[in-house]
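Undergrad: Protein sequences appear in the order of chains B and X. 115 is the number that numbering that gives the first Met the number 0 gives to position 116 of the first sequence; each next residue is one higher, with no gaps. 214 is the number that numbering that gives the first Met the number 0 gives to position 215 of the second sequence; each next residue is one higher, with no gaps. First the structure, then my questions, so here it is.
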Amino acid sequence: MNAMLIDSTRCVGCRACQIACKSWNELPSEKTQFFAGKGYQNPKDLSATTWTLITYNETKRRGRFDWVFGKRQCMHCLLPACATACPVTALKKTPEGPVVYDSSICLGCRYCQLACPFDVPRFEWDKVFTKITKCTMCADRVAEGMEPACCKACPTDAIVFGERSKLLAEAHARIDANPLNYVHHVFGEKEMGGTCVLHLSDVPHQELGHAGGLSEEPASAYSRPAMASIPFVLTGLGIGLGAVSWVVNRRQQLAAQQKEIERLHEIAEQAEGKEPGGTNS
Amino acid sequence: MTDFFKRTSSGLLVLYALAAFGLLLIVYRFVMGLGAVTNLSDSYPWGLWIGVDVLAGIALASGGFVVAGTVHLFGANKYHSLTRTAITTAFLGYLIFIFGLIVDLGRPWNLWRALFNWNHTSPMFEVAWCVMLYTSVLLMEFLPPVFERFKLTALHEKWKTMVPWAIVFILGIFTFAMTDSLIWTVVVVFVLLFWELVFRAGLSPRSIQMPLLMIIAGVMFSTMHQSSLGTLFTLAPHKLHPLWYSPMLPVLFLLSAVMVAPAMVIFESIVAERSLGHRAHMNVLSSLGRAMPWLLGIYLVVKVGDLLARGAVSDALSISWQSFSWWGEVLLGVVLPFTLFLSQDLVQKRVGLLTAAALVVLGLVWNRVNVAVVGMIDLEGDVYFPYWAEIFITLGLISLGILGYRLASLHLPLHEEETAATH
């Protein structure tokens, strides 16, 4: 399965990947504003027209103030929350690696946005014929045997493309070869069941704008208990409700019959009681 | 036109105005896109509409299955006078909700795709199917007063024979869609066919007027639908505040929907008595009121027990907007009405019943808004608050629902005093 390894220690923050992404995917530029906290980062966040973003993080590295760059984009999870969430399989994990989107069946419910633990899918809020958008790992390029546009553009090989197992081994080899220069954690190796985008960094990954506190279980593990109980609940209700209504209605029927019998008895008794009385008088 | 204004009460005029303005804004939404009428964003993809129109709307329509089930399956015939109004409310509620959903969906023209593109793992897939199929069941349940009103006896007879088969078919296909398992489908279809045979063979006495299989299907679909709305949020453990995030969400959603059903019936009956002049059956409503402490109590025990079990008590005791909103939902919406409904005195009186029931309804809406909106808000980032147009579209939809109910109430034999005693 294809994957990407992104090593932030090699990133110089040139943003060639951001531009290459826009060029290949024919995404328009967006009007941006200065905002507090992130220095030269531009734009502020991923958007419907910005599928990858270099984050500019002012942080302390080896005792001195420094800039560290992170790369935000779709993580292409092995078991994606978005694909679990999507009611119509508009978002799908392909065996080649990319998580792809098919707008022709999408309902626009935005459940993928709610479910994604990495806050990746974006929605075209200003359009009527609107779509969900996100990084496709250049599935079209990959299908033609090319690497994604951002990998191609990166001048320092901070982004490399290849087989996931090999890249994972490479990531660990880099940490082992230079243990003082890396955080000993490959972000994406286990997060949410593992992803096809792997990150290396020399500061904690959360400082680069990556989600923290993620489980190692895929998202589907959270909804599975409820989803798996459906047939049991359906069958249980089917049997239970039918049985209860049978018992209740039968009891009511018997009660009604009992009442009817008592009424008849009463009439009979009255008639009996009356008859002798009648003859006597 | 002046005649129209003279004849129409001011309250009704407000409803017409709100509905018209809401519809106008909806037209604007389809011309300009969602961004023009909402404050929704990529950080807050779901907002007021999901909280109020969808989650609360569906929960408040629970009267349909709770009352129908209690009367027809559990034999509580004393509540019979409430079934038709409850079913009508549920049916109209679902129609309005589907309309609201179309407004909220980004690509509503693809709604039918859910029929053919199946994702068995998706809670939203379950929701979509429940909406479609339970609305069909509600339509079936809603039809008898229409047949009576227009004297369509032949159709009514056909309805009685056809409905059970339709039910077996849709529950069968629902089971298959949810499980992707032929075995489960056969099991569910077998169970339903078994009961239908039992009913038809006369082994179990049944009401000829009301196909029991339809009532059973209503309860089954509602159980799935109410709980699936909770399941939706189980996929968001990293976003929903720990005060609300729980693997028990589906159960809590179902319990609170059942709990709000009698409250909604009480609320609606007393309000309709004042505005539409249909005499409320006070003894029936009082006895509903006496059931309320049980329902509220069970919900409260499960809700608090779940909070304790998850170790989220410290979140409830911390000072934040979220904990404030949680206490509001629990104290005003559950604890206060619980104590009010316990008072024998109060349950006998219209004002008391109305107040306590209104609190339960308010608490339910508050809970759903907490799950969909308040619990999602990340105070360190941008904060979502609904745009005025979002609020007015919601108000417009609610007004449409009330006007629809009024229309049905005026023109269909929904109320006991007007219907024949045979039902």
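For glycine and all other residues, C-beta sits at the position ideal for the given N, C-alpha and C. All values reported here derive from a predicted model rather than from experimental measurement.
Please look up how many angstroms separate the CB atoms of residue 73(X) and residue 141(B), rounded, as I've assumed it's under 8 Å.
TA: Actually they are not in contact, since the Cβ atoms of residue 73(X) and residue 141(B) sit about 59 Å apart, beyond 8 Å.
Undergrad: In whole angstroms, what is the alpha-carbon distance linking residue 409(X) and residue 303(X)?
TA: Their backbone Cα atoms lie some 43 Å apart in a straight line.
Undergrad: Taking only the alpha-carbon atoms, compute the straight-line gap between residue 111(X) and residue 143(X) and give it to the nearest angstrom.
TA: In a straight line, the C-alpha of residue 111(X) is about 28 Å away from that of residue 143(X).
Undergrad: So which residues on chain B does residue 236(X) lean against when the C-beta distance must stay under 9 Å?
TA: What residue 236(X) touches in chain B: 116, 214, 218, 221.
Undergrad: Quick check: the stretch 387 to 400 of chain X against the stretch 288 to 302 of chain X, are at least 3 beta-carbon pairs closer than 8 Å?
TA: At 8 Å Cβ cutoff, the stretches do not touch.
Undergrad: In three-state DSSP terms, what is residue 34(B)?
TA: DSSP places residue 34(B) in coil when its eight states are reduced to three.
Undergrad: State the start and end residues of the unbroken beta strand (DSSP E) segment that holds residue 65(B).
TA: Residue 65(B) -> beta strand (DSSP E) spans 63 to 71.
Undergrad: Could you work out which residues of chain X lie near residue 105(B), taking near to mean beta carbons separated by less than 9 Å?
TA: Residues of chain X passing the Cβ test: 105, 106, 109, 112.
Undergrad: Does DSSP put residue 274(X) in a helix, a strand or coil?
TA: Here residue 274(X) sits in helix by DSSP.
Undergrad: By DSSP, does residue 269(X) sit in helix, in strand, or in coil?
TA: It is helical.
Undergrad: Under the three-state reduction of DSSP, which class applies to residue 55(B): helix, strand or coil?
TA: Looking at residue 55(B) - three-state DSSP - the assignment turns out to be strand.
Undergrad: Excluding the five sequence neighbours on either side, which residues of its own chain have a C-beta within less than 7 Å of the C-beta of residue 386(X), listed in chain order?
TA: So the list reads 36, 37, 38, once near-sequence residues are dropped.
Undergrad: Taking a cut of 8 Å between CB atoms, which residues from the stretch 344 to 366 of chain X lie near chain B?
TA: Within the stretch 344 to 366 of chain X, no residue qualifies.
Undergrad: Tell me whether residue 398(X), by its Cβ, gets closer than 8 Å to a heavy atom of the ligand SAM.
TA: As for the ligand SAM, it is missing from this structure, which has no ligand bound.
Undergrad: For the alpha helix (DSSP H) holding residue 56(X), just list the boundary residues, first then last.
TA: Note, residue 56(X): alpha helix (DSSP H), 56 to 59.
Undergrad: Exposed or buried, what is residue 245(X) when buried is set at 16 or more other beta-carbons lying within 10 Å of its beta-carbon?
TA: Burial call: buried.
Undergrad: At a CB distance below 9 Å, what residues from the stretch 71 to 87 of chain B approach chain X? Give them in sequence order.
TA: Those would be 80, 82, 83, 84, 85, 86, 87, in chain order.
Undergrad: Assess, as a yes-or-no matter, whether the stretch 255 to 265 of chain X is touched by the stretch 233 to 244 of chain X under the definition of 3 or more beta carbon pairs within less than 8 Å.
TA: These segments do not touch.
Undergrad: Considering only the alpha carbon of each residue, which of 277(X), 223(X), 285(X), 266(X) lies closest to residue 248(X)?
TA: Out of 277(X), 223(X), 285(X), 266(X), 223(X) has the C-alpha closest to the C-alpha of residue 248(X).
Undergrad: May I ask which residues mark the beginning and end of the beta strand (DSSP E) holding residue 414(X)?
TA: Unbroken run through residue 414(X): none, as it is neither H nor E.
Undergrad: Using three-state DSSP, classify residue 38(X) as helix, strand or coil.
TA: Looking at residue 38(X) - three-state DSSP - the assignment turns out to be coil, as it is neither helix nor strand.
Undergrad: If you compare alpha carbons, which of 127(B), 186(B), 227(B) is closest to residue 215(B)?
TA: It is 186(B).
Undergrad: If you check the beta carbons only, do residue 356(X) and residue 288(X) fall under 9 Å apart?
TA: Going by C-beta atoms, residue 356(X) is nearer than 9 Å to residue 288(X).
Undergrad: Determine which residues of the stretch 118 to 134 of chain B have a Cβ less than 7 Å from any Cβ of chain X, and write them out in chain order.
TA: If the cut-off is 7 Å between Cβ atoms, the stretch 118 to 134 of chain B has 121, 122, 124, 125, 126, 127, 129 near chain X.
Undergrad: Taking just the CA atoms, how far does residue 170(B) sit from residue 314(X)?
TA: If you take the alpha carbons of residue 314(X) and residue 170(B), they lie about 39 Å apart.
Undergrad: Enumerate in chain order the residues of its own chain whose CB-to-CB distance from residue 230(X) is below 6 Å, with the five nearest sequence positions on each side excluded.
TA: Correct list, in chain order: 122, 249.
Undergrad: Just by C-beta distance, which residues in the stretch 238 to 266 of chain B are closer than 7 Å to chain X?
TA: Listed in sequence order: 238, 240, 241, 243, 244, 245, 247, 248, 249, 251, 252.
Undergrad: Can you tell me whether DSSP reads residue 386(X) as helix, strand or coil?
TA: If DSSP states are grouped into helix, strand and coil, residue 386(X) belongs with coil.
Undergrad: Which partner residues does residue 424(X) have in the DSSP bridge list?
TA: For residue 424(X) there is no data in the structure shown, the boundaries of chain X being 0 and 422.
Undergrad: Can you check DSSP and say which residues form a bridge with residue 100(B)?
TA: According to DSSP, which records beta bridges pairwise, residue 100(B) is partnered with 90(B).
Undergrad: Can you name the start and end residues of the alpha helix (DSSP H) that residue 366(X) belongs to?
TA: Per DSSP, residue 366(X) belongs to the alpha helix (DSSP H) from 349 to 371.
Undergrad: At what residues does the alpha helix (DSSP H) containing residue 17(X) begin and finish?
TA: Start and end: 9 to 31.
Undergrad: In chain X, what lies closer than 8 Å to residue 185(B) by C-beta?
TA: Correct list: empty, because the minimum Cβ distance to chain X is about 20 Å.
Undergrad: Are three or more beta carbon pairs between the stretch 29 to 49 of chain B and the stretch 121 to 140 of chain B nearer than 8 Å?
TA: Enough Cβ pairs lie closer than 8 Å, so yes.
Undergrad: Hey, how far is the Cα of residue 420(X) from the Cα of residue 80(X)?
TA: Because residue 420(X) carries a pLDDT of 39, less than 50, the predicted location of this residue cannot be relied on, and the following value inherits that uncertainty. Cα to Cα, residue 420(X) sits roughly 10 Å from residue 80(X).
Undergrad: For residue 172(B) and residue 158(B), what's the separation of their Cα atoms in angstroms?
TA: Taking the straight line from one Cα to the other gives about 16 Å.
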